[in-house]
Amino acid sequence: MTDGSSSAGNAGTGPWLVVGLGNPGTEYAGNRHNVGFMVADLLAERMGGTFKAHKAGRAQVVEGRLGAPGPASRRVVIAKPMSFMNLSGGPVAALRDFYKVPVERVVVVHDELDIDYGQLRLKVGGGDNGHNGLKSITKSFGPGYCRVRFGIGRPPGRMQVADFVLKDFSAAERKELAYEVDRAADAVECLIVDGLERAQSTYNS
């Protein structure tokens, strides 16, 4: 998917698969590592859907359409793997196979340490940068999927990365979190409807 505009324009009738990464369970709900779930929840709300368990694998899904009503809208499956982060690849691969989604129409929303808090970067392919969810997905079907990378910044001082990502956003961060999650959801919609290049030029911080 080097030319996002043409890819979106030739999307046909098949669905896109948007995967928000996180860990299941209420104890993880506010963690930095769960921002993918937060974006997925907002996208599902926009579609007017409710997550339900899917028979193809350990995941919850919502099916619907994103974009303005009419021929420009896209069929979309929003998914949240119900495995833990480092096992995300199995559920995502099962959904991809079930819905017959080509890899270039898989969008993964995830936290990114090497980007400042609230900044976004959209890209296709690349390494996993130590992110266990991406590592598992790439192992399952290769690196050629789209990523919407939500910046969480680096841990302060000598705090371990694992501790940092499994902590809730700070009080200061939470003041802007709803806005930043909304913007990330907008970026996903733009990627799907208008293509990668338009989404990058609009949302890459």
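230 is the number that the working numbering gives the last residue of the sequence shown; the numbers go up by one with no jumps.
Where is the CB? At the ideal position from N, CA and C, for every residue including glycine.
Cβ shell of residue i (< 6 Å), same chain only, five flanking positions each side left out
| i | result |
| --- | --- |
| R83 | M107, S108 and P116 |
| G47 | N59, G61 and F62 |
| V44 | A104, V117 and V133 |
| L202 | F194 |
| M110 | N48, N157 and G158 |
Length of the line joining the Cα atoms of residue i and residue j
| i | j | result |
| --- | --- | --- |
| A119 | V213 | 22 Å |
| V132 | G182 | 33 Å |
| V218 | V190 | 31 Å |
| F76 | G89 | 11 Å |
| E137 | G176 | 5 Å |
| D139 | L67 | 24 Å |
| R121 | K200 | 35 Å |
| P96 | M184 | 49 Å |
| G151 | A81 | 27 Å |
| L112 | N157 | 8 Å |
Close Cβ partners of residue i (< 7 Å) along its chain, the five nearest in sequence each way excluded
| i | result |
| --- | --- |
| G114 | S161, I162, K164 and S165 |
| P40 | R100, V101, V102, Y124 and V126 |
| G167 | V128 |
Beta carbon of residue i nearer than 9 Å to that of residue j
| i | j | result |
| --- | --- | --- |
| N56 | D193 | yes |
| E198 | G143 | yes |
| L145 | D153 | no |
| K105 | V86 | yes |
| M72 | L42 | no |
Nonlocal neighbours in the same chain, by C-beta distance under 8 Å from residue i, ignoring five residues either side
| i | result |
| --- | --- |
| L147 | C171, R172, V173, R174, A212, L216, L221, A224, Q225, Y228 and N229 |
| V64 | G45, V134, V173, F175, V206, A209, A210 and V213 |
| G178 | L138, I140, D141 and Y142 |
| Entirely enclosed alpha helix (DSSP H) segments - the region 72-151, minimum 4 residues | You should have 114-124.
| task | Ignoring anything shorter than 4 residues or poking outside the region 166-224, list the alpha helix (DSSP H) runs there in chain order. | result | DSSP runs (the alpha helix (DSSP H)) wholly in the region 166-224: 186-190 and 196-219.
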